[in-house]
Amino acid sequence: MSSKENWVQDQISKLKDFAARESSTPEVLAKLEALLDDAPSFVEPTEVLPIHEAEERIRLGRKIFKTKTKKSEWTVFDVSVLMFLPMETLKEWETHRRPFLNIDIFFKTARFARKFLMMSEQGLADLTSNRKRTAPESEASGPDKKKDRSEKEKLKTYVRDGGQCVLLHTADPDSAHIMPYSLNHTKSNWNNLKDNIGSIFSAWWPSQDDEDDSLLTDSIACSDRVWNQICLNQQLHTWWRYGYWCFRCLGFSADDRGDFIQLQFLWGKRQGNQAERWDRKIDLNKYEDGRPDEAIDFIKNWYSRPEYGAKAQNQDPDEAEFVIINNWYTRPESGAKVETQNPDEAELVMMDSANGHPLVSGQTLKIYMPAKECAKMKLVIDLQFALIQICNMAGAAGSPDFFLDEDMSYYSDTDSDQDSDTDSDMDSDSDSD
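The opening position of the sequence shown corresponds to residue 1 in UniProt numbering, with each subsequent residue numbered one higher.
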């Protein structure tokens, strides 16, 4: 008898004991049956960043920036941006005749990635304190007057997603924005976004139409639409805004129900220790005298980190896992123990309330919308994917320092001979998600 057959026989014996327990009510047995019967949609995740590509990106980064700026020390956040900018853009920059423009766009992109997570986290705090509040729609007036969220668009999102979390199937979900609501919900934020998003889009999507950035800049709060929202369990929403996981777009198509976009759930890498904090300096130079290649070592360290949502290898008996089961979420005072030595490595675990399956990287879902709205959602999902990957690689996901520190000056410290306006970009208020 094979080891798998032995395992099955052991579980059959345990199932008989389980069914005989007084606590195994019909409701509990129904959940167990659902766990055995259901199979979540799943596509094996592809590698986010193959190591050979990471090495090529570092080579291009050295060539582009070493000759264009006197700055040889970067932060790990800067290197993370380099890892996720489109290869097409980097190769174009390699031969660009006006290199100072590339440097300006690069650091604007770094600032935008940081503001994305900061606005998401700050907006989440505002949303948490007002989850049950409803307000009539209002027009924005004055530079800092924010426009209230559209209850009509929120209702459309609830109806489209069946009034439940699209991943955990729990009730009373948040209608969560993909691109933070606060990016353009006031006149000042909207103006800042208009001044910067065009160059950022040209770097991230060199082949896209110029009109695509108007999805976020056409008017104040113009992205407060159903294609920029998705229903999420409140705790899952929180962890998304901390950068612990992200959506990846697998494309859009149509079936008997209509047009849909297919999304894949991906846990991020664990953040590691404080030595990997997002503002740590890295020497971008490559030396031939035996000194370690700091940029390559940083990337290899990132590859070695385990994912959230999986068992940690180093364990501390005082650290409990994060669990969501049957519509309830909490960090238990005492509960399932994990073996981690680092308090930052407590587990984040989510369970589908419909069938009890744990939420794992690779699970997929379909969002049904008209084809035009699917295309719009794909653009903001793609941007969300890249920005969260940058923040996660840099060790910024969930970092209190990252969210609270407003000092952005090092992003413009290029020591370039050309003037740059990066110090004044993207710094405005952040109130709501």
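Where is the CB? At the ideal position from N, CA and C, for every residue including glycine.
- Counting C-beta pairs with one atom in each stretch, the region 257 to 270 and the region 33 to 40 have fewer than three that are closer than 8 Å, which means they do not touch.
- Here K372 is exposed. Its C-beta has fewer than 16 other C-beta atoms within 10 Å.
- By the neighbour-count criterion, in which a residue is buried when 16 or more other Cβ atoms sit within 10 angstroms of its Cβ, K146 is buried.
- Secondary structure of G251 (DSSP, three-state): strand.
- Per the coordinates, the alpha-carbon of L365 lies some 27 Å from the alpha-carbon of A396.
- In this structure, the CA atom of H357 is about 47 Å from the CA atom of E94.
- Counting only runs of at least 3 residues, the region 175 to 225 fully encloses no beta strand (DSSP E) element at all.
- Taking F298 as the centre and dropping the five residues before and after it, the same chain places the C-beta of V76, V79, I282 closer than 7 Å to its C-beta, in chain order.
- Nearest in C-alpha terms to S219, of all of T109, K376, S202, S188, is S188.
- Residue pairing for L266: DSSP places it in a beta bridge opposite C246.
- Apart from sequence neighbours up to five positions away, the residues of its chain that approach L167 with a beta-carbon distance below 8 Å are L232, N233, L236, F265, M350, D352, L359, Q363, L365, ordered along the chain.
- If you compare the alpha carbons of K4, R270, W302 with that of Y308, the shortest gap goes to R270.
- Taking 7 Å as the cut-off, the Cβ atoms of Y368 and F260 count as close.
- Annotation for D382: the continuous alpha helix (DSSP H) segment containing it runs 371 to 393.
- Of all C-beta pairs linking the region 188 to 199 to the region 81 to 94, fewer than three are shorter than 8 Å, placing the two stretches out of contact.
- Assignment of K147 by DSSP, reduced to helix, strand and coil, places it in the coil class.
- Per DSSP, T89 lies in no beta strand (DSSP E); the unbroken alpha helix (DSSP H) holding it starts and ends at 87 to 94.
- In summary, T170 is buried, with 16 or more beta-carbon neighbours lying within 10 Å of its beta-carbon over all protein chains present.
- The Cβ atoms of I105 and A203 lie closer than 7 Å to each other.
- With respect to the 7 Å criterion, A34 and V81 are not classified as neighbours on the basis of their beta carbons.
- Beta-bridge partners of W74 (DSSP): I282.
- Boundaries for Q363: no beta strand (DSSP E) harbours it, and the DSSP string shows neither H nor E there.
- If you look at L49, you'll find it isn't in any beta strand (DSSP E); DSSP assigns it neither H nor E.
- Taking C-beta atoms under 8 Å as the contact rule, A113 and I390 qualify, at a distance of about 5 Å.
- The straight-line gap separating the alpha-carbon atoms of S120 and R241 is approximately 5 Å.
- Counting of Cβ neighbours within 10 angstroms places E294 among the buried residues, the total reaching 16 or more.
- Here S150 is not near M179, since their CB atoms are 7 Å or more apart.
- Cβ atoms of M393 and W302 come within 8 Å of each other, at about 5 Å.
- Per DSSP, Q9 is not a residue of any beta strand (DSSP E); the alpha helix (DSSP H) it occupies stretches across 3 to 20.
- DSSP, reduced to helix, strand and coil, places A171 within a strand of the structure shown.
- By the criterion of a C-beta distance shorter than 7 Å, K194 is surrounded in its chain by T217, once the five residues flanking it on both sides are discounted.
- Note that the C-beta distance between F84 and A386 is below 7 Å.
- Annotated as proximal: W227 and M377, with beta-carbon spacing under 7 Å.
- Between K108 and I200, the C-beta spacing is below 7 Å.
- The three-state reading of DSSP puts G258 in strand, counting E and B together.
- Taking all protein chains in view, the Cβ of W7 is surrounded by fewer than 16 other Cβ atoms within 10 Å, so the residue is classified as exposed.
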